[in-house]
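Some notes on the structure that comes next.
In our numbering, the protein residues as written are 2 to 225.
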């Protein structure tokens, strides 16, 4: 169960907090994260952060497919649904039999018929992205902003310094669109999630964001 929960937690950025609680090496990683001293943000950095915040605030719904690459190179995939504010669903395909759902209050991880795991949405990096009013430079510690060949990367960490790890968000440029993210956990291991075949402006069935016992993947959407 633990392996599956950690993979799912990394999928939504929860590893920044959850792995700190579930692994023995969290204290060492906490110290390393707290010691990081990022360079001051430039005017261009702040403009880019504002562009990203504006994009996220204007985003109401996304759905499509995802590809997850675990630290050991294992690749899994599935479907995702995002409805801002507060709601997200990831359905793993194949034999993984795992669901990750944010219902506006909790992030819920369910693996097969195992007992579900719940984490407060507000205490996770995922909460920042799903809030009604996103201000990245106010709500997270910005470790860096970089640009390279049509890609903008924003690296974030917990502003309080209490949670080890970091979350790197990658966006396309000049037209800002979320492409992928990479979570670095308490041991310095990376999990990358890339979004594919993304569709905007499709209102998902509200039932997708309610996780019930033994729930099977539910696929359904209707035009907005």
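A virtual CB, placed ideally from N, CA and C, is assigned to each residue, including glycine.
Query	Result
May I ask which residues mark the beginning and end of the alpha helix (DSSP H) holding residue 140?	137-140
In whole angstroms, give me the CA-to-CA distance for residue 1 and residue 205.	The structure shown has nothing for residue 1, since the chain only spans 2 to 225.
Go ahead and label residue 148 buried or exposed: buried means 16 or more other beta carbons lie within 10 angstroms of its beta carbon, across all protein chains shown.	exposed
Just checking, does the region 170-179 make contact with the region 42-59 on the three C-beta pairs under 8 Å criterion?	yes
Could you have a look at residue 121 and say whether DSSP puts it in helix, strand or coil?	strand
Per DSSP, what are the beta-bridge partners of residue 200 in this structure?	64
Compute the Euclidean distance between the alpha carbons of residue 74 and residue 171, then round it to the nearest angstrom.	20 Å
From 40, 123 and 72, pick the residue whose C-alpha is nearest to that of residue 135; which is it?	123
Between residue 45 and residue 155, what straight-line distance do the alpha-carbon atoms span, to the nearest angstrom?	12 Å
Which word fits residue 84, buried or exposed, when buried means at least 16 other C-beta atoms lie within 10 angstroms of its C-beta?	buried
Just how far apart, CA to CA, sit residue 101 and residue 152?	27 Å
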